[in-house]
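Numbering (this note's numbering), first residue to last: 2 to 150. Note that the Cβ used here is the ideal one computed from N, Cα and C, for glycine as well.
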């Protein structure tokens, strides 16, 4: 049976576009090798990610994230069985802005606000999934703020 896992974390240090590209490439390779799909959201040096696949594979991936020095304060938001995956690609990366938060009805513009609201996090990922499908691309990049290294 397939599952989805959603977690939130803070970046251990300031992240720039070069760092995000590296994270994206590593995740794409890992997810492809382990039959996982995911969406990684980044905003104000915070991550919110959904990972989809077999339960055992997701648990191993989450353990890797817990041990990854690039993450602080990793928080498991939700883990539940799914009937089908939202994402088709190994990974979708989105640098979200306040428009995405407004579109799902969130008054909070921080990813940390989703830690206690798994249903709202789910809505955000559905929105991103629909955008990714309609645009038929792996990376939806809507940078907010300076992200130079």
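Counting only runs of at least 3 residues, the stretch 40-82 fully encloses the following beta strand (DSSP E) elements, listed from N- to C-terminal order: 47-55, 72-82. By a beta-carbon distance limit of 8 Å, residue 92 does not contact residue 43. Their separation comes to about 12 Å. Distance between residue 17 and residue 72, taken at the CA atoms: about 14 Å. Within its own chain, the residues whose Cβ lies closer than 7 Å to the Cβ of residue 11, once the five positions on either side in sequence are excluded, are 46, 47, 73, 74, listed in chain order. A residue is called buried when at least 16 other Cβ atoms come within 10 angstroms of its Cβ; residue 38 meets this threshold and is buried. Residue 15 and residue 69 have their C-alpha atoms roughly 15 Å apart. By the C-beta density criterion, residue 28 is buried, having at least 16 other C-beta atoms within 10 angstroms.
In the DSSP annotation of this structure, residue 24 is not part of any beta strand (DSSP E); the continuous alpha helix (DSSP H) holding it starts and ends at 18-34.
The beta carbons of residue 7 and residue 78 sit closer together than 7 Å.
Here residue 67 has 75 as same chain residues with Cβ atoms under 8 Å from its own Cβ, once five neighbours each way along the sequence are excluded. Under the three-state reduction of DSSP output, residue 121 falls in the helix class. Around the Cβ of residue 13, a 10 Å sphere holds fewer than 16 other Cβ atoms; the residue is exposed. For residue 12, the uninterrupted beta strand (DSSP E) run begins and ends at 3-12, by DSSP.
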